[in-house]
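Quick notes on the structure that follows.
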Amino acid sequence: MKRFLLQRLLLLLPTLLGAVSLVFVLIHLIPGDPVEVMLGETASAADKEALRRSLGLDRPLSTQYRSFLVGLASGDLGRSLYEPASVAQIIRVRLPATLQLALCAMIAAVLISFPLATLAAMRRGGWIDRAALTFSLLGLSLPNFWLGPLLMIVFSIQLGWTPVSGRGAFSHLVLPAITLGLGMSAILVRILRAGLLQGIHQDYVQTARAKGLPEKRVWLKHVLRNALLSVVTIMSLQFGGLLAGSLITETIFSWPGIGRLTVQAIQTRDYPLVQGCVLVIAVSYVLINFATDLFYKLIDPRVSYGE
Amino acid sequence: MASKVWFCAGVAVLLLLCAGALLAPVLAPHDPLRQNLDRDLIAYSSDHPLGTDKLGRDVLSRTLYGGRISLLTGVATVLISLAIGLMIGSLSGYFGGWLDQLLMRLVDTLMAFPGILLAIALTAVLGPGLDHVILALCLIGWTGYARLVRGEMLSLREREFVQAARALGCRPKRIIARHLLPNLLPPLMIQATFGLAAAIVAEGSLSFLGLGVEPPTPSWGSMLNDGRQFLLVAPHLTAYPGLALMVTVLALNVVGDTLQDRLQFRTR
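Dropping the structure here:
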């Protein structure tokens, strides 16, 4: 296990450095003068010079990159152009809302997909199986920027069951969580159904049946448990995707998380804030993938990754 | 039998959508950019079967023209990404060694990023515009094809027919073009079908955030974004472009699923 951990850590470092470097390069891709793009053409020369100096854009690229990495190591993501706070402070305030939404989206996905996939596998070829596959296909084809407004029209505007937008009581969470989690539940239905159907023909399942275990116990204890291995991986990988997907869902439902913050920063051309948000989401994504590898090894010792 | 029906239905829908997009100048009842402020936010009229938007522009005409942008972006993204992925994956898989290591680390770094986040960040920095959208989507799109091609190459290059070609003195370029690429077609076709669906959704996401095509050019994503402000009074503004987008992606997913079942089974 120690060797495995070391191996994965050694692979994590270049990936992290690559992701961080890519984010650094982003701000230097702004066509023309980045300071003019941020402040507008009408800004005074003194303002432009001051911003150039504060962002360090007047220094050579290698020096900028070095101080970017040094700052990052100490948690310094720079300062926002328009808000009187550091980027790290602004993100710290908004991050819990995004994590809450992503977690609830994941719970919604599990609550929808697990019963549906299990029933579909138990009644293979039946109407519930066909319904589950249709749901999965539709879930994968419904873009969240359409699903969100649709849910809002039906459940908030027509039926008045949930608030239209914002963050507050539990009812505020329902529609954003479903919007963000539906795609994930569609993937989980497919993966879990396939895993269950594969598991049902394994020798250990036949043995469990031969021992006289009740069918319900065979499914829960033997078939579902083994099918969960692949599901756990997909769920962890998808959790990183949920963070990125929150950009759109949070915008639709005015959810005050890091996704909406990123979009607002893009609209106001607050590039240090954009850079900080993208960096936090990207690094979280990389770290979640890393944790998934470790977790997978823990729950299934057969995983070797070519050690 | 049922999957054949679904496949035919998917292809028929895609052909219809392509025809609608290509023939938009003929089929559209109005100029998609012409404003008529006296007739704004109409839900239905004989003159405007799908209604009008906040500036009185015809929603049917804009949806037809919007399809052009979505399909053009999708097809361009898939073709460019496929070409880059094919080249890099072939080099990596066929030659191996340090070149393979170098190229695959680059792929790993790009794949370590959530794709849509990178696309959003890139278009935010470069500014809105169709060319920037395609550039951003290609930057994240080629990696999947490169991985696939490399993996297939690694397995194919050890096959007897490739070794025979090598023994007969064929050059690497000829072996890749004549012997390896034809065998790569089935998995690439499947990936391209799903890639097209993903690119159309990604373009919609970027346009929805105001980072896609510049107004007043219609695209399904930007129409959804415009209609969002009028959910209460004019839900038709979000319903039709969203439906068009969903049907397109659904048809592509159905076709992709069927191809996956058929072609992968055949190649095994």
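Protein chains in written order, with the numbering used here: chain G, 10 to 316; chain L, 3 to 270. For glycine and all other residues, C-beta sits at the position ideal for the given N, C-alpha and C.
Subject >> DSSP-derived helix/strand/coil call for R202(G) >> reply: helix
Original post:
How is the alpha helix (DSSP H) around D317(G) delimited, first residue to last?
Top reply: Given that chain G is displayed from residue 10 to residue 316, the structure contains no residue 317(G) and the question cannot be resolved.
Original post:
Secondary structure at S209(L), three-state DSSP: helix, strand or coil?
Top reply: helix
Original post:
Which residues in chain G sit within 9 Å of I178(L), going by Cβ to Cβ distance?
Top reply: Here the premise fails: no neighbours, minimum Cβ distance about 26 Å.
Original post:
Interface residues of chain L around M161(G) at Cβ under 7 Å?
Top reply: L233
Original post:
Taking the alpha-carbon positions, what's the V232(G) to V214(G) distance?
Top reply: 7 Å
Original post:
DSSP on S5(L), reduced to helix/strand/coil?
Top reply: helix
Original post:
Quick one, which residues of the region 201–216 of chain L are near chain G if we go by CB-CB under 8 Å, in chain order?
Top reply: V203, G206, S207, F210, L211, G212, L213
Original post:
Cβ of L159(G) within 9 Å of Cβ of A241(L)?
Top reply: yes
Subject >> Residue from D55(L), L35(L), R36(L), D33(L) whose Cα sits closest to the Cα of L43(L) >> reply: D55(L)
Subject >> Nearest-angstrom Cα separation, counted from F13(G) out to L222(G) >> reply: 38 Å
Original post:
Hey, quick one: how far does the alpha helix (DSSP H) through W170(G) stretch, first residue to last?
Top reply: Careful: W170(G) lies outside any alpha helix (DSSP H) and carries neither H nor E.
Original post:
So what does DSSP say about D1(L), is it helix, strand or coil?
Top reply: This structure cannot speak to residue 1(L), because chain L is shown only from 3 to 270.
**OP:** Output, in sequence order along the chain, the residues in the region 238–264 of chain G whose CB is closer than 8 Å to any CB in chain L.
**Re:** G249, G250, L252, A253, G254, L256, I257, T260, I261
**OP:** Sort E92(G), I297(G), L78(G) by Cα distance to L86(G) and report the nearest one.
**Re:** L78(G)
Original post:
Under 9 Å between C-beta atoms, does M191(L) make it to chain G?
Top reply: no
Original post:
When you compare each of Y91(G), I100(G), T72(G) to G84(G) by their alpha carbons, which one comes out closest?
Top reply: I100(G)
**OP:** Answer yes or no: does any C-beta atom of chain G fall closer than 9 Å to that of D259(L)?
**Re:** yes
Original post:
First and last residue of the alpha helix (DSSP H) that includes V102(G)?
Top reply: 96–131
**OP:** Could you check the C-alpha separation between I82(L) and E259(G) for me, to the nearest Å?
**Re:** 31 Å
**OP:** Identify the continuous alpha helix (DSSP H) that holds Y74(G) and give its terminal residues.
**Re:** 70–82
Original post:
How would you list, in chain order, the residues of chain B whose beta-carbon sits under 7 Å from the beta-carbon of S150(G)?
Top reply: Structure shown: chain B not included; protein chains present are G and L.
Subject >> Runs of alpha helix (DSSP H) lying entirely within the region 79–126 of chain L, each at least 4 residues, in chain order >> reply: 99–113
Original post:
Skipping 5 residues on each side, what residues in its chain have a beta carbon closer than 6 Å to that of R264(L)?
Top reply: none
**OP:** Would you mind stating whether S255(G) and L110(G) have Cβ atoms separated by less than 9 Å?
**Re:** yes
**OP:** Answer with yes or no whether the minimum CB distance from V127(L) to chain G is below 9 Å.
**Re:** yes
Original post:
Between S165(G) and L184(G), which are expected to be in contact by the criterion C-beta below 8 Å, what is the C-beta distance as a whole number of angstroms?
Top reply: 7 Å
Original post:
Any C-beta of chain L sitting closer than 9 Å to the C-beta of Q73(G)?
Top reply: no
**OP:** Reducing DSSP to helix, strand and coil, say where R278(G) ends up.
**Re:** coil
Original post:
Exposed or buried, C286(G), counting other C-beta atoms within 10 Å across all chains shown (16 or more means buried)?
Top reply: buried
Original post:
Would the region 199–211 of chain L and the region 219–235 of chain L be scored as touching if the rule is three or more Cβ pairs under 8 Å?
Top reply: yes
**OP:** Report the partner residues of R88(G) according to the DSSP bridge assignment.
**Re:** S95(G)
Original post:
alpha helix (DSSP H) containing A30(L): first to last residue?
Top reply: It is not in any alpha helix (DSSP H) - A30(L) carries neither H nor E in the DSSP assignment.
Original post:
Is the region 137–153 of chain G touching the region 243–252 of chain L in the sense that three or more CB pairs, one from each, lie closer than 8 Å?
Top reply: yes
Original post:
Where do the N-terminal and C-terminal ends of the alpha helix (DSSP H) with K57(G) fall, by residue?
Top reply: 54–64
Subject >> Other residues of its chain near A5(G): CB distance less than 7 Å, five sequence neighbours each side excluded >> reply: With chain G covering only 10 through 316, there is no way to say anything about residue 5(G).
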